[in-house]
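In our numbering, the protein residues as written are 3 to 192.
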């Protein structure tokens, strides 16, 4: 099943089912051939990623764990004097924009993988790298992971039905919670 890795840094998803897919035999072979192209699912991940990153910036990292490290007091005063507020990670807004779907954002989707986040051409890239050294921008909470899993489950069920998998065995197993996913988070900005 798919492994979704948006580059060297980001989020990796692995999807498995229980009972194992091997038990579905011939039907699974047909099903696997019918879902050789994961672009439909991966495209649905981009808006979700953008929303999750917006939560990160709004809560200064608390949406997915501990708050981001505080900024240097002198820098905080300069931000306030310049009218940029006190939110960590927001000075010009370019870093936040590049991770939430605005200028500098990139969503690249291929048949088997997707990459979401800051574009390599983003003007915020140097600051993004500096920022990520002290503050983990790309993290996912259990609630957020569940949202990705739900999208995956819905998509897999639809694909199994389109493939004509007999008597709903695979879609039913997935619908009943037979799908299990694991993830690992790799901190940083690509």
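Built from N, CA and C at the ideal position, the CB exists for glycine as well.
Check                                                                                         : Outcome
Cβ pair count under 8 angstroms reaching 3, the region 44–56 against the region 144–156       : yes
Residue nearest to residue 106 in terms of C-alpha spacing, selected from 65, 72, 162 and 118 : 118
Whole-angstrom distance between residue 161 and residue 155, CA atom to CA atom               : 10 angstroms
Residue 158 (DSSP reduced to helix, strand or coil)                                           : helix
Nearest-angstrom Cα separation, counted from residue 75 out to residue 103                    : 30 angstroms
Terminal residues of the beta strand (DSSP E) in which residue 116 lies                       : 116–120
Distance, residue 140 Cα to residue 71 Cα                                                     : 14 angstroms
Helix, strand or coil at residue 152 according to DSSP, with G and I counted as helix         : helix
Status (buried if at least 16 other CB within 10 Å, exposed otherwise) for residue 93         : buried
DSSP beta-bridge partners of residue 111                                                      : 116
Inter-residue CB distance, residue 90 and residue 73 (contact presumed, cutoff 8 angstroms)   : 6 angstroms
Span separating the alpha-carbon of residue 132 from that of residue 158                      : 38 angstroms
Coarse secondary structure for residue 86, derived from DSSP in three states                  : coil
Separation of residue 39 from residue 58, as counted between CA atoms                         : 30 angstroms
Assigned exposure category for residue 128 - 16 Cβ within 10 Å defines buried                 : exposed
Three-way DSSP call (helix, strand, coil) for residue 134 in this model                       : helix
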